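Line order of the protein sequences matches chains F and B.
Using this note's numbering, read the first sequence as starting at 1 and increasing by one per residue.
Using this note's numbering, read the second sequence as starting at 369 and increasing by one per residue.
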Amino acid sequence: MTGRLRTGFALLAAAALVVSACSSSSSTPAPAALKIGVVTDVGTITDKNFNQYSYEGAKNAATTLGTTAEFVVPKDASDYTADIQGFVDKSYNVIVTVGFNLGDATIKAAKANPNIWFIAVDVAPCVDATGAPDSTFKCAGDASKLLPKLIGVTFEEDQAGYLAGIVAASVSKTGKIGQLGGINNNPAVVRYLQGFQLGALSYNPKINVQTAFFSTGDLGKAYGDPVYGKTFSTQFIQQQGVDVVFQVAGGTGNGTLDAACAANIVGIGVDVDEYLSYPSADKCIVTSAEKHLSSAVNQTIVAISKGTAAGGVSKFNAANDGIGYSPFHNTSITLPADVQGKLDAALAAMKAGTLKTCTDQCGTWTGQ
Amino acid sequence: MSATAPTARSRLSAPAWLRKLWLLLAESVVAILLALVVGGIGIAAFSGLLPNHSSFDLGLPIAAYGALWSGAVGSTNGITSTLVYSTPLILAGLGVGLGFKAGLFNIGGRGQFLMGTVGAMSVVTLIGSSTPGYITIPLALIVGAALGGFAGFIPGVLKATSGAHEVVTTIMLNYILVFTTYWAISGPLRLPNSPQPITVDVTTRNGALPIVLGRDGHIGILFALLAVPLVWFLLYRTTLGFELRTAGANSDAARYAGMKTRQLIVLAMTLAGALCGLAGATTLLGVVHQIAPGYDTTIGFDAITVALLGRSNPVGIMLSGLLLGGMRAGAQSMQISPGVPAELVDALQAIILLFLLVNVLRRWRARRAPGGSASASADSTEIAPAFGMVAK
Numbered sequence: 001m002t003g004r005l006r007t008g009f010a011l012l013a014a015a016a017l018v019v020s021a022c023s024s025s026s027s028t029p030a031p032a033a034l035k036i037g038v039v040t041d042v043g044t045i046t047d048k049n050f051n052q053y054s055y056e057g058a059k060n061a062a063t064t065l066g067t068t069a070e071f072v073v074p075k076d077a078s079d080y081t082a083d084i085q086g087f088v089d090k091s092y093n094v095i096v097t098v099g100f101n102l103g104d105a106t107i108k109a110a111k112a113n114p115n116i117w118f119i120a121v122d123v124a125p126c127v128d129a130t131g132a133p134d135s136t137f138k139c140a141g142d143a144s145k146l147l148p149k150l151i152g153v154t155f156e157e158d159q160a161g162y163l164a165g166i167v168a169a170s171v172s173k174t175g176k177i178g179q180l181g182g183i184n185n186n187p188a189v190v191r192y193l194q195g196f197q198l199g200a201l202s203y204n205p206k207i208n209v210q211t212a213f214f215s216t217g218d219l220g221k222a223y224g225d226p227v228y229g230k231t232f233s234t235q236f237i238q239q240q241g242v243d244v245v246f247q248v249a250g251g252t253g254n255g256t257l258d259a260a261c262a263a264n265i266v267g268i269g270v271d272v273d274e275y276l277s278y279p280s281a282d283k284c285i286v287t288s289a290e291k292h293l294s295s296a297v298n299q300t301i302v303a304i305s306k307g308t309a310a311g312g313v314s315k316f317n318a319a320n321d322g323i324g325y326s327p328f329h330n331t332s333i334t335l336p337a338d339v340q341g342k343l344d345a346a347l348a349a350m351k352a353g354t355l356k357t358c359t360d361q362c363g364t365w366t367g368q
Numbered sequence: 369m370s371a372t373a374p375t376a377r378s379r380l381s382a383p384a385w386l387r388k389l390w391l392l393l394a395e396s397v398v399a400i401l402l403a404l405v406v407g408g409i410g411i412a413a414f415s416g417l418l419p420n421h422s423s424f425d426l427g428l429p430i431a432a433y434g435a436l437w438s439g440a441v442g443s444t445n446g447i448t449s450t451l452v453y454s455t456p457l458i459l460a461g462l463g464v465g466l467g468f469k470a471g472l473f474n475i476g477g478r479g480q481f482l483m484g485t486v487g488a489m490s491v492v493t494l495i496g497s498s499t500p501g502y503i504t505i506p507l508a509l510i511v512g513a514a515l516g517g518f519a520g521f522i523p524g525v526l527k528a529t530s531g532a533h534e535v536v537t538t539i540m541l542n543y544i545l546v547f548t549t550y551w552a553i554s555g556p557l558r559l560p561n562s563p564q565p566i567t568v569d570v571t572t573r574n575g576a577l578p579i580v581l582g583r584d585g586h587i588g589i590l591f592a593l594l595a596v597p598l599v600w601f602l603l604y605r606t607t608l609g610f611e612l613r614t615a616g617a618n619s620d621a622a623r624y625a626g627m628k629t630r631q632l633i634v635l636a637m638t639l640a641g642a643l644c645g646l647a648g649a650t651t652l653l654g655v656v657h658q659i660a661p662g663y664d665t666t667i668g669f670d671a672i673t674v675a676l677l678g679r680s681n682p683v684g685i686m687l688s689g690l691l692l693g694g695m696r697a698g699a700q701s702m703q704i705s706p707g708v709p710a711e712l713v714d715a716l717q718a719i720i721l722l723f724l725l726v727n728v729l730r731r732w733r734a735r736r737a738p739g740g741s742a743s744a745s746a747d748s749t750e751i752a753p754a755f756g757m758v759a760k
């Protein structure tokens, strides 16, 4: 053992740590009215996707309210519960959880901690009669009554889809465009598609919109399988002869964007600005149908601080800056001159509540 | 250094025992402290780039380590959480360490852990909610350990029969087992009537491990702490353990002495796999309860650090498992209050490993140098396979 020198160094280092640890304290600010914690999904806080924008919203709200927002990025799915609990233990009173995957953990935490506000981003809470999460999606319980401080932040996807539809119709040369949804029984997906179709028709009444779904029952294939997504989409693009394709299918949909690039046609992203979040396909993404996560989280937290928030599902749309379309980063895709005017007019009409962006059976797929 | 040699004396007075532990762990302690210093420099250097910090902050490393410490041991919940995080690390660390002792470098912890999860989940799925927990839980743990053991048995047999190197076969088997797990969750183990591929929640089938400590301290903690003396006893107080260690130190000598080295390889890999599988089963029944496709773990690789840091000695593994578990538990507090990313813990873990390997390098050179110490100390042979992999 030749460790005497190293042992001495180690002791020195340990002593330095102890001394400096003792001298650092009383730097924490005085507790503010709201303590805001964000538990993101697995990944990073700078993902240009759900994690980043949800946290940005919380941070902006914190700045407005003169407090701070902290975040935790779980290492893997087994950390969701512990990470939410970490904020509970530190007496945070607003806890934001990001995305569908954290839905069940959030519902359980909301049930166990009825005095804490929980904001579940992009989750319509589905609970059974006791207020526990329901994996079978029967949703027998009324979440807004059973869990009155749980807010599910949701979006009117049809409005965002409508705007994307206008852009899609405007860049199509063949007059044939396609839309691919993850699953046909998910109301959020169907709303996007219904809005997209109406938006495309509003620009070009003769446009031919082809629709397909990746799966009818398997969420893994519907949202989590980019390889399958690419194979399926390549076939779809070839068979239908479309020259623009809109995907509403999460990870599977990234395969659609890859397929669009490979086929040299235009792709449209979903939920966030996919030109930024999915750069490997940026050369063929013209825009994305966006949920304004940052704005929605910000507004929800401010509403809580004002005492105007209520449990249950909270809807975001054009009127409260909850949805939109991504900027046209891609200069290689030329847009007709009139498209900006049409988009502005459509957004104004949505805000005024005079534009029908969904079918009568909004959220229920009834076939072509 | 006779501390861990097979001829170690059984009765030692307390100071001698402590001294033995120090000899065993000195290098690990140095590696940890050096890693903390390097990590601290890293935090300070990048402090201005962190999302919640706008400027260069020299005090941040201290704040980060303070939060890490208080998160891990600063409260009852923190201590419980440290123990919960340590449980799979200790179990899988014992598995990897047992392999090291027998001269095998088991990289298959990830796949073996997942097979343990699948095994336990299968029992809970098949058994129905009317079966009481005292039947479901032990059965689930046994099947989990057995399936994990099977995942270790395969590379063991491949090595014993064809000489296929276990590093290669376990790594490749990991991929197969990860996707087998996905298939199991979205196929046979899928909850009927659910549109999403997800398994049953074990709490609804009397399958959750009982909580024995604080808020979430499940009984699996005790299994991990009990496994430490059991593995120690196996290695140092049984003929089998002696044979395993001899085969690990020099398999030719072991064979010459009449030991069945091939069977020993298969047995060691199976036991290692069973311990990793048990880690997976206790994590499922004690912590996660319900799994969806995409469920994965880093325990298999973290366990390698645990085993190296603990010098493959069961007591050392327990201590290093507690250390890394505590870092994992404290990472969350560190993320919340000073806003230092939890990846720091991964970085620290990697730096510790790096310093350990650097020491190994020095020993290895000293041993090869003419006139160098000829006595192969037990704990350098443990890490030799690790170094061999780096060198090739």
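Where a beta carbon is used, it is the ideal one built from N, C-alpha and C, also for glycine.
Bear in mind the structure is a predicted one, so any value in this text is a computation, not a measurement.
As far as DSSP is concerned, residue 428(B) takes part in no beta bridge.
The three-state reading of DSSP puts residue 97(F) in strand, counting E and B together.
Within the stretch 662 to 695 of chain B, the residues whose Cβ lies closer than 9 Å to any Cβ of chain F are, in chain order, 662, 663, 664, 665 and 666. Around the beta-carbon of residue 579(B), fewer than 16 other beta-carbon atoms lie within 10 Å, marking it exposed. Contact residues of the stretch 531 to 561 of chain B toward chain F are 554, 559 and 561 (C-beta to C-beta distance below 7 Å). For residue 218(F), a Cβ of chain B is located within less than 8 Å of the residue's own Cβ.
Straight-line spacing of the CA atoms in residue 270(F) and residue 38(F) works out to 23 Å. A contact is defined here as three or more CB-CB pairs under 8 Å, and the stretch 113 to 132 of chain F fails this definition with respect to the stretch 167 to 184 of chain F. In terms of Cα proximity to residue 60(F), the closest of 300(F), 332(F), 313(F) and 359(F) is 300(F). DSSP places residue 60(F) in the helix class (H, G or I) of the three-state scheme. Pairwise C-beta distances place the stretch 462 to 476 of chain B in contact with the stretch 602 to 621 of chain B, as three or more of them are shorter than 8 Å.
About 6 Å separates the CB atoms of residue 177(F) and residue 209(F); that is less than 8 Å, so the two are in contact. Taking a Cβ-Cβ cut-off of 7 Å, the neighbours of residue 651(B) in chain F comprise 78, given in sequence order. Residue 551(B): member of the alpha helix (DSSP H) spanning 534 to 554, first to last residue.
What residue 48(F) touches in chain B, judged by beta-carbon distance under 9 Å, is nothing: the nearest beta carbon there is about 13 Å away.
Within the same chain, 133 come within 6 Å of residue 104(F) by CB-CB distance, once the 5 residues on both sides are set aside. The beta-carbon of residue 111(F) is placed no less than 8 Å from the nearest beta-carbon of chain B.
If the five residues before and after residue 57(F) are omitted, its C-beta is found closer than 7 Å to the C-beta atoms of 293, 294, 295, 296, 297 and 298, all from its own chain and listed in chain order. For the stretch 575 to 593 of chain B, the beta-carbon criterion of a distance under 9 Å to any beta-carbon of chain F is satisfied by 583 and 584. Using beta-carbon distances, residue 89(F) counts as an interface residue toward chain B, with a partner under 8 Å. The continuous alpha helix (DSSP H) containing residue 677(B) extends over residues 667 to 677. Cβ-Cβ distances below 7 Å link residue 46(F) to 52 in the same chain, with the five nearest sequence neighbours on each side left out; the list follows chain order. Under DSSP, residue 248(F) shares a beta bridge with 181(F).
Interface flag for residue 82(F) against chain B is set, since a Cβ pair is found closer than 8 Å. Inter-residue distance for residue 385(B) and residue 669(B) is about 30 Å (C-alpha atoms, whole angstroms). Per DSSP, residue 473(B) lies in no beta strand (DSSP E) segment and is marked neither H nor E. By the criterion of at least three beta-carbon pairs nearer than 8 Å, the stretch 143 to 155 of chain F is not in contact with the stretch 340 to 358 of chain F. Per DSSP, reduced to three states, the secondary structure at residue 118(F) is strand.
Residue range 293 to 306 is occupied by the alpha helix (DSSP H) that includes residue 301(F). For residue 210(F), the enclosing beta strand (DSSP E) begins and ends at 208 to 215. Within chain B, the residues placing a beta-carbon under 8 Å from that of residue 224(F) are 661 and 662, ordered along the chain. Near chain F, meaning a CB-to-CB distance below 9 Å, the residues of the stretch 695 to 726 of chain B are 696, 697, 699, 700, 701, 703, 704, 705, 707, 709, 710, 711, 713 and 714. Rounded to the nearest whole angstrom, the C-alpha separation of residue 570(B) and residue 656(B) is 9 Å. Listed along chain B is no residue with a C-beta nearer than 9 Å to that of residue 314(F); the closest approach is about 23 Å. In this structure, residue 715(B) lies away from residue 630(B), with their beta-carbon atoms at least 8 Å apart. Within the stretch 482 to 535 of chain B, complete beta strand (DSSP E) segments of at least 3 residues are not found at all.
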